[in-house]
């Protein structure tokens, strides 16, 4: 990991935003900065939230959606993300290198903050209120470290439920780094752990983060009430539980997934967005409609913005788009036996004059991230929205899936969810758990389009995909004549090696301890 370790000599050099990942976290302090006072530590901790703002937005979110079946590129897009859309994934690609290095850069920052928190906690003169803050910061750092290791595992490792040889197989997990110790000594570079060891590490960090934040919430600090409200810009114990539920789902631990999801549903202050305000949750991040946002990273224009997600799907003048939804994806939302799906009008809008070769065409575009007016940096839209990486809707669907997996055959959570997504929805009963599971997975596919979760689901379920093959004359939208032909109708079989990204070539070249540990197929 020479490349990574040498690049971490300055903590402030971390990068998290959209395609070029070129934005430095707000409030960054480097390792040469004296951190001797609580104020210094508080500023140092700000990097955690800069990291979370970055990695829950921009290309960190949409890249895998471009790789899968809901979207197709237009020939006018300059081949942006073409490697992912066409399925020609290479270990030497700059995006692959950037995601890996930036993730480990974030982990290094977390390690440094954890070490500083331990240093401060050992100071005998530290006041009780400052001790509470130090433990809180340490918990936030462990959450962020766990989040980054989970993101890496979900992209650069085979899925926990499908890994060849099982989760205990050698070199199936990640190189685990727990201390901030930049070095060029290659003997100290770690090899890959087992996938079980990686998940055990993630779960340990989350358990300790939960304890730390739960303890802070038990204090009389004046900001505790705000932490527990929807749309909180800071981490709470419920945010930790939401991520724990996700981890358990990916690992096939249905009992834990159910318990964690239910605690958030039953004991948090969150409620599902409903048919009347669901679109508002996305168009302008309306606070009254964001009642299901468990954690919503802070943003402000111009210096504290996350990456744009909508920019790859939309344009300010409505004359262009880099990727459009396949016609099959549009039909998927437009036609449903359950009722009129509120997500159709929330996620799609029509451009009547999208320009290709000087001619205007009509098409549906993906409008889930239309840009928040409050986050604009100029006169033109930047398509940046407040991101909602942990939402109550996910907890409902995790709980419902766990019920199906545990043969409880209890559709209560699914019915409650669907009643807030389909007008005219009628309560369903289920004769068997498989039908319940099928409906839950369909709702996950619909709900989380453009949020990166379909990638996780196809991997853990060991299911392939067939991208809708365009037929301009039958579809009635001539623009589908101008999609990228090499990507049109692309399919992956179940277990395709491209469901796991390659370890970057630069990393393999720099770290001799990774020799022979490349992912299968590369």
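In the numbering used here, the protein residues as written are 9 to 530. The beta-carbon is built from N, C-alpha and C at its ideal position, and this holds for glycine as well.
**Item:** Residue burial classification, residue 129 (beta-carbon count within 10 angstroms, cutoff 16)
**Value:** Position 121 of the chain shown, counted from the first residue, corresponds to residue 129. Exposed, by the Cβ-count rule.
**Asked** Taking the alpha-carbon positions, what's the residue 368 to residue 240 distance?
**Response** Indexing the chain shown from 1 puts residue 368 at position 360. Indexing the chain shown from 1 puts residue 240 at position 232. Looking at the two C-alpha atoms, the distance is approximately 43 Å.
**Prompt:** When you compare only the Cα positions, how much space is there between residue 452 and residue 183?
**Reply:** Sequence index remark: in the chain shown, residue 452 carries index 444 (1-based). Sequence index remark: in the chain shown, residue 183 carries index 175 (1-based). In a straight line, the C-alpha of residue 452 is about 31 Å away from that of residue 183.
**Message:** Mapping the DSSP letters down to three states, classify residue 37 as helix, strand or coil.
**Reply:** Counted from its first residue, the chain shown places residue 37 at position 29. Confidence at residue 37 is low in this model, with a pLDDT of 47, below 50, so its placement is unreliable and no value can be given for it.
**Item:** Entirely enclosed beta strand (DSSP E) segments - the segment 363 to 442, minimum 3 residues
**Value:** 367 to 374
**Prompt:** Can you tell me the Cα-Cα spacing of residue 521 and residue 288, whole angstroms?
**Reply:** What you label residue 521 is simply residue 513 of the chain shown in a count that begins at 1. What you label residue 288 is simply residue 280 of the chain shown in a count that begins at 1. Their Cα atoms are separated by approximately 50 Å.
**Asked** In angstroms, rounded to a whole number, what distance separates the CA positions of residue 519 and residue 264?
**Response** Along the chain shown, read from residue 1 onward, the residue named residue 519 stands at position 511. Along the chain shown, read from residue 1 onward, the residue named residue 264 stands at position 256. The alpha-carbon atoms of residue 519 and residue 264 are separated by roughly 36 Å.
**Prompt:** On the three-pair Cβ rule with 8 Å, is the segment 215 to 231 touching the segment 191 to 204?
**Reply:** no
**Message:** Taking the straight line between their C-alpha atoms, what separation do you get for residue 273 and residue 404?
**Reply:** Along the chain shown, one-based indexing puts residue 273 at 265. Along the chain shown, one-based indexing puts residue 404 at 396. Whole-angstrom Cα-Cα distance: 7 Å.
**Asked** Can you tell me whether DSSP reads residue 452 as helix, strand or coil?
**Response** Counted from its first residue, the chain shown places residue 452 at position 444. Residue 452: helix per DSSP, three-state reduction.
**Request:** With DSSP collapsed to three states, give me the class of residue 74.
**Result:** Translated into the one-based positions of the chain shown, residue 74 becomes position 66. Reduced to three states, the DSSP call for residue 74 is helix.
**Message:** Within the continuous alpha helix (DSSP H) that includes residue 273, where are the two ends?
**Reply:** Looking up residue 273 in the chain shown gives position 265. Its alpha helix (DSSP H) spans residues 262 to 275.
**Prompt:** Which two residues bound the contiguous alpha helix (DSSP H) that contains residue 331?
**Reply:** What you label residue 331 is simply residue 323 of the chain shown in a count that begins at 1. Looking at the DSSP string, residue 331 is not in any alpha helix (DSSP H); the run it does join, the beta strand (DSSP E), is 331 to 333.
**Request:** Put residue 295 into one of helix, strand or coil per three-state DSSP.
**Result:** Taking the chain shown and counting its residues from 1, the one referred to as residue 295 is at position 287. Looking at residue 295 - three-state DSSP - the assignment turns out to be coil, as it is neither helix nor strand.
**Asked** Residue range of the beta strand (DSSP E) that residue 301 falls in?
**Response** Numbered from 1 along the chain shown, position 293 holds the residue referred to as residue 301. Start and end: 301 to 303.
**Asked** Going by alpha carbons, who is nearest to residue 180 out of 514, 98, 48, 509?
**Response** Position 172 of the chain shown, counted from the first residue, corresponds to residue 180. Among 514, 98, 48, 509, the Cα nearest to that of residue 180 belongs to 509.
**Item:** Local Cβ density within 10 Å of residue 47, reported as buried at 16 or more and exposed below that
**Value:** Your numbering for residue 47 matches position 39 in the chain shown. Result: exposed.
**Asked** Helix, strand or coil: how does DSSP classify residue 98 here?
**Response** To locate residue 98, count along the chain shown from 1; it is residue 90. In this structure, residue 98 counts as coil in the three-state DSSP scheme.
**Request:** On the DSSP bridge assignment, give the partners of residue 104 in chain order.
**Result:** Stepping through the chain shown from its first residue, residue 104 is reached at position 96. Bridge partners of residue 104: none, in fact.
**Item:** Closest Cα partner of residue 526 within the set 418, 359, 200
**Value:** Locating residue 526 in the chain shown gives position 518, counting from the first residue. Looking at the Cα atoms, 200 is the closest of the given residues.
**Request:** Count the other CB atoms, across all protein chains shown, that sit within 10 Å of the CB of residue 373; report buried if there are 16 or more and exposed otherwise.
**Result:** Along the chain shown, one-based indexing puts residue 373 at 365. It counts as buried.
**Request:** Report the partner residues of residue 312 according to the DSSP bridge assignment.
**Result:** For the purposes of this step, residue 312 is identified with residue 304 of the chain shown, where counting begins at 1. Bridge partners of residue 312: 308.
**Prompt:** In or out: residue 310 buried (at least 16 other Cβ within 10 Å) or exposed?
**Reply:** To locate residue 310, count along the chain shown from 1; it is residue 302. Exposed.
**the segment 381 to 400 / the segment 317 to 330 touching (three or more Cβ pairs under 8 Å)** = yes
**Request:** Pull up the distance between the alpha-carbon of residue 268 and that of residue 408, whole angstroms please.
**Result:** Taking the first residue of the chain shown as position 1, residue 268 is located at position 260. Taking the first residue of the chain shown as position 1, residue 408 is located at position 400. Rounded to whole angstroms, residue 268 to residue 408 spans 12 Å at the Cα level.
**Request:** Over the uninterrupted alpha helix (DSSP H) stretch that includes residue 210, give me the two end residues.
**Result:** Counted from its first residue, the chain shown places residue 210 at position 202. Run containing residue 210: 203 to 225, per the alpha helix (DSSP H) assignment.
**Prompt:** Do you know offhand how far residue 462's Cα is from residue 295's?
**Reply:** As a first step, residue 462 is located in the chain shown; it is residue number 454 there, counting from the start. As a first step, residue 295 is located in the chain shown; it is residue number 287 there, counting from the start. Spanning the two alpha carbons is a distance of roughly 26 Å.
**Prompt:** What's the C-alpha gap between residue 82 and residue 464?
**Reply:** Counting from 1 along the chain shown, the entry for residue 82 is found at position 74. Counting from 1 along the chain shown, the entry for residue 464 is found at position 456. In a straight line, the C-alpha of residue 82 is about 26 Å away from that of residue 464.
**Prompt:** When the Cα atoms are used, what is the spatial distance from residue 488 to residue 478?
**Reply:** For the purposes of this step, residue 488 is identified with residue 480 of the chain shown, where counting begins at 1. For the purposes of this step, residue 478 is identified with residue 470 of the chain shown, where counting begins at 1. Cα to Cα, the separation comes out at about 6 Å.
**Item:** Member of 123, 254, 247, 440 whose CA lies at the smallest distance from the CA of residue 275
**Value:** As a position in the chain shown, residue 275 is number 267, starting the count at 1. Out of 123, 254, 247, 440, 247 has the C-alpha closest to the C-alpha of residue 275.
**Request:** Could you check what DSSP says for residue 357 in three-state terms: helix, strand or coil?
**Result:** What you label residue 357 is simply residue 349 of the chain shown in a count that begins at 1. Here residue 357 sits in strand by DSSP.
**Request:** Flag this pair as yes or no: are the beta carbons of residue 253 and residue 428 separated by less than 8 Å?
**Result:** In the chain shown, residue 253 corresponds to position 245, counting from 1. In the chain shown, residue 428 corresponds to position 420, counting from 1. For residue 253 and residue 428, no; Cβs fall outside 8 Å.
**Prompt:** In chain order, what residues of the same chain lie with their CB nearer than 6 Å to the CB of residue 136, ignoring the 5 residues before and after it?
**Reply:** Along the chain shown, read from residue 1 onward, the residue named residue 136 stands at position 128. For residue 136, where only same-chain residues beyond five positions count, there are no Cβ hits under 6 Å.
**Prompt:** Which residue comes first and which comes last in the beta strand (DSSP E) that contains residue 239?
**Reply:** The sequence position of residue 239 within the chain shown is 231, counting from 1. Where residue 239 is concerned, there is no enclosing beta strand (DSSP E), given that its DSSP letter is neither H nor E.
**Local Cβ density within 10 Å of residue 171, reported as buried at 16 or more and exposed below that** = One-based indexing of the chain shown puts residue 171 at position 163. Result: buried.
**Asked** Closer than 8 Å, CB to CB, is residue 526 near chain C or not?
**Response** The structure shown contains no chain C; it is built from a single protein chain.
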